[in-house]
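Have a look at the structure below, then the notes.
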Amino acid sequence: MGDFTMTVAQPLAFLSLPGSGPSTQLLRVRQGPPRRSFESEALGCGDGRPVALALGLGAALALACRAQLRSTRSAGRGISVLARAAAPVVDSADVVKEALKAKEEEYRRRQAQTKTQGSQGQGGDIPKLAELPRTAFVGGDGLLQVPEAEAGVRACVYAIFGPRDLGLQHVGVSRNSQTSLRAHFSRRPELSAEFAVFDVRKPDRSLLEAARQAWLSECGTPAGNAGGEEQAFWEAGINVKELMSADEKQAMDRMTAAAADAALREAVLRVEIQQVQKFEDMGCQEQLLFDTKLKAKGILDFDAAAPVGLRRPAGGVGAAFKVSLKMPNGEVVEIDCAPDITILDAAEAAGVELPSSCKSGACSTCAAKVLEGIVDQSEQSYLDATQEAAGYCMTCVCYPRSDLTFETHRQSDIL
1 MGDFTMTVAQ
11 PLAFLSLPGS
21 GPSTQLLRVR
31 QGPPRRSFES
41 EALGCGDGRP
51 VALALGLGAA
61 LALACRAQLR
71 STRSAGRGIS
81 VLARAAAPVV
91 DSADVVKEAL
101 KAKEEEYRRR
111 QAQTKTQGSQ
121 GQGGDIPKLA
131 ELPRTAFVGG
141 DGLLQVPEAE
151 AGVRACVYAI
161 FGPRDLGLQH
171 VGVSRNSQTS
181 LRAHFSRRPE
191 LSAEFAVFDV
201 RKPDRSLLEA
211 ARQAWLSECG
221 TPAGNAGGEE
231 QAFWEAGINV
241 KELMSADEKQ
251 AMDRMTAAAA
261 DAALREAVLR
271 VEIQQVQKFE
281 DMGCQEQLLF
291 DTKLKAKGIL
301 DFDAAAPVGL
311 RRPAGGVGAA
321 FKVSLKMPNG
331 EVVEIDCAPD
341 ITILDAAEAA
351 GVELPSSCKS
361 GACSTCAAKV
371 LEGIVDQSEQ
381 SYLDATQEAA
391 GYCMTCVCYP
401 RSDLTFETHR
411 QSDIL
């Protein structure tokens with residue numbers, strides 16, 4: 001009966017036998033002719049106890065034995081297989097896995113260190129929200145008292161509290177506390193009574209997130225951080241389309257593009273008036289301006305580039321600038337117009353009828369000419385640079401930036 005020897009590589013290195021030591025492992029396999037079964041005995045393994053060959057020895061060894069049996073069975077020879085466990089082979093995939101595991105452990109260690117040690121940039125621990133002083137959004141003069149951050153402050157975590165017993169409403173992270181807090185007030189004035197801020201001089205995202213999570217754990221997660229529509233109200237502008245009724249949306253779907261745009265602008269103006277009323281209900285007399293380009297898309301959101309501290313004069317919505325309208329019959333009509341409301345909308349609200357069609361700055365129906373003052377009509381798409389330089393404007397997308405004097409009904413000049 002002849003013997004042959006096969007070296008088994010790393011995948012079979014786990015096949016150690018009872019009583020084996022550090023010496024090389026040898027396994028002899030014999031074929032029993034009567035039953036075509038296998039028996040095995042250990043060689044060089046100490047006490048030489050027989051070991052039954054199990055099917056679980058591994059796919060590689062089983063296939064090798066079967067292949068050799070097939071090739072030698074016709075010659076009438078018995079088979080002996082010596083399987084030698086080779087030295088371990090370094091697997092590059094295992095090295096990569098170990099490196100990734102080490103990186104993950106280091107990341108978790110640093111996160112835990114940040115949470116326990118608190119603010120490394122401040123030299124202190126993350127403060128409890130209950131221990132921080134609160135500041136009222138609206139001061140006694142009716143203006144928002146949200147100051148700029150101190151010199152050297154690079155980021156912050158802030159919390160917003162509702163009036164009376166409404167408690168915590170929203171927790172956020174920002175690099176500019178003044179802009180963020182003013183934006184939040186413009187979106188949810190009725191839920192913005194006080195705020196608290198934790199300034200960080202050396203911004204570390206993991207630290208800021210740890211502080212935010214610590215406050216949420218301390219006070220519970222408010223609706224403004226729980227996801228869904230309420231969180232969207234805090235973190236994004238007011239999407240007027242989402243506030244429209246199902247009937248209004250269906251009606252808009254059946255309109256022409258120009259008519260649908262006009263309907264959307266009317267809905268935006270309605271919601272804007274409601275927001276301004278909420279400002280006044282909170283005691284705010286400051287004129288918070290909304291982004292005019294976003295308004296054209298049906299979204300109301302705070303214009304961070306607008307002047308800060310502009311007081312709204314007595315008289316309600318749209319009372320920031322005086323606008324004089326010279327009509328074709330020689331009559332001069334004066335209206336009040338806020339800097340975030342178009343001349344056309346302000347005129348219609350005051351009961352003054354001006355020509356209009358698309359209300360999107362794309363036709364010439366509402367053309368007028370500015371005689372005195374400054375306007376913003378960045379949304380219009382009909383006039384060329386020469387016509388704008390001559391003072392022509394589209395009142396449907398024209399916002400005042402000072403007191404103004406207009407000549408109305410000038411569409412024939414630019415046709």
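Counting from 1, one number per residue, gives the positions in the sequence shown under full-length UniProt numbering.
Where is the CB? At the ideal position from N, CA and C, for every residue including glycine.
So residue 395 packs on residue 354, CB below 8 Å; how close in whole Å?
-> 6 Å
Reduced DSSP secondary structure (H/G/I, E/B, other) of residue 337 = strand
Contact set for residue 294: own chain, Cβ-Cβ below 8 Å, skip 5 residues either direction = 237, 300, 301
From 352, 298, 385, 200, pick the residue whose C-alpha is nearest to that of residue 323; which is it?
-> 352
Please determine if the segment 227-241 and the segment 138-157 are in contact, where contact requires at least 3 C-beta pairs separated by less than 8 Å.
-> With the cut-off at 8 Å, the segment 227-241 and the segment 138-157 do not touch.
Helix, strand or coil for residue 160 per DSSP?
-> strand
Inspect the beta-carbon positions of residue 185 and residue 134 and report whether they are closer than 9 Å.
-> no
Taking only the alpha-carbon atoms, compute the straight-line gap between residue 306 and residue 379 and give it to the nearest angstrom.
-> 16 Å
Can you check whether the CB of residue 333 is closer than 9 Å to the CB of residue 349?
-> no
Report the partner residues of residue 368 according to the DSSP bridge assignment.
-> 393
CB-CB under 8 Å to residue 365, same chain, minus the five flanking residues each way: which ones, in chain order?
-> 355, 356, 357, 358, 411
Within its chain, find whatever has a CB closer than 7 Å to the CB of residue 314; leave out the 5 residues flanking it on each side and keep chain order.
-> Confidence is the limiting factor: at residue 314 the pLDDT is only 48, short of 50, which leaves the residue's position unreliable, though a coordinate-based value still follows. Correct list: empty, nothing qualifies.
Bounding residues of the beta strand (DSSP E) (the contiguous stretch that carries residue 199) = 194-200
Going by C-alpha distance, which of 263, 244, 218 is nearest residue 131?
-> 218
Can the beta-carbon of residue 251 be found closer than 9 Å to that of residue 232?
-> no
Terminal residues of the continuous beta strand (DSSP E) containing residue 324?
-> 321-326
Helix, strand or coil: how does DSSP classify residue 204 here?
-> coil
Does DSSP put residue 400 in a helix, in a strand, or in coil?
-> strand
Proximity to residue 288 [Cα-Cα], best of 296, 266, 341 = 341
If you check the beta carbons only, do residue 230 and residue 242 fall under 9 Å apart?
-> no
Ignoring anything shorter than 4 residues or poking outside the segment 229-272, list the alpha helix (DSSP H) runs there in chain order.
-> 240-243, 246-253
Look up residue 144 in the DSSP assignment and give the residues it is bridged to.
-> According to DSSP, which records beta bridges pairwise, residue 144 is partnered with 138.
Beta carbon of residue 430 nearer than 9 Å to that of residue 377 | The structure shown does not extend to residue 430, since the chain is modelled only from 1 through 415, so no value can be given for it.
Residues bridged to residue 376 [DSSP beta-bridge criterion] = 399
Where residue 412 falls: helix, strand or coil (DSSP) | helix
Rounded distance between the beta-carbons of residue 363 and residue 375, thought under 8 Å = Residue 375 to residue 363, Cβ: 18 Å. No contact.
Once you ignore the five residues that flank residue 281 on each side, which residues in its own chain have a CB closer than 8 Å to its CB?
-> So the list reads 189, 190, once near-sequence residues are dropped.
Could you tell me whether the Cβ atoms of residue 224 and residue 160 are closer together than 9 Å?
-> Yes, the pair counts as a contact, with Cβ atoms nearer than the cut-off.
Top-ranked residue by Cα proximity to residue 338, from 286, 330, 369, 329 = Nearest C-alpha to residue 338: 286.
Helix, strand or coil at residue 174 according to DSSP, with G and I counted as helix = strand
Sheet register partners of residue 168 (DSSP bridge) | 161
For the alpha helix (DSSP H) that residue 348 lies in, which residues bound it at each end?
-> 343-349
Among 158, 200, 144, which one has its Cα closest to the Cα of residue 129?
-> 158
Quick one: grab the DSSP three-state call for residue 332.
-> strand
Taking the C-alpha atoms as reference points, what is the distance between residue 273 and residue 279?
-> 10 Å
Compute the distance between the beta-carbons of residue 423 and residue 198, then report whether it is under 9 Å.
-> The question about residue 423 has no answer here: the residues shown for the chain are numbered 1 through 415.
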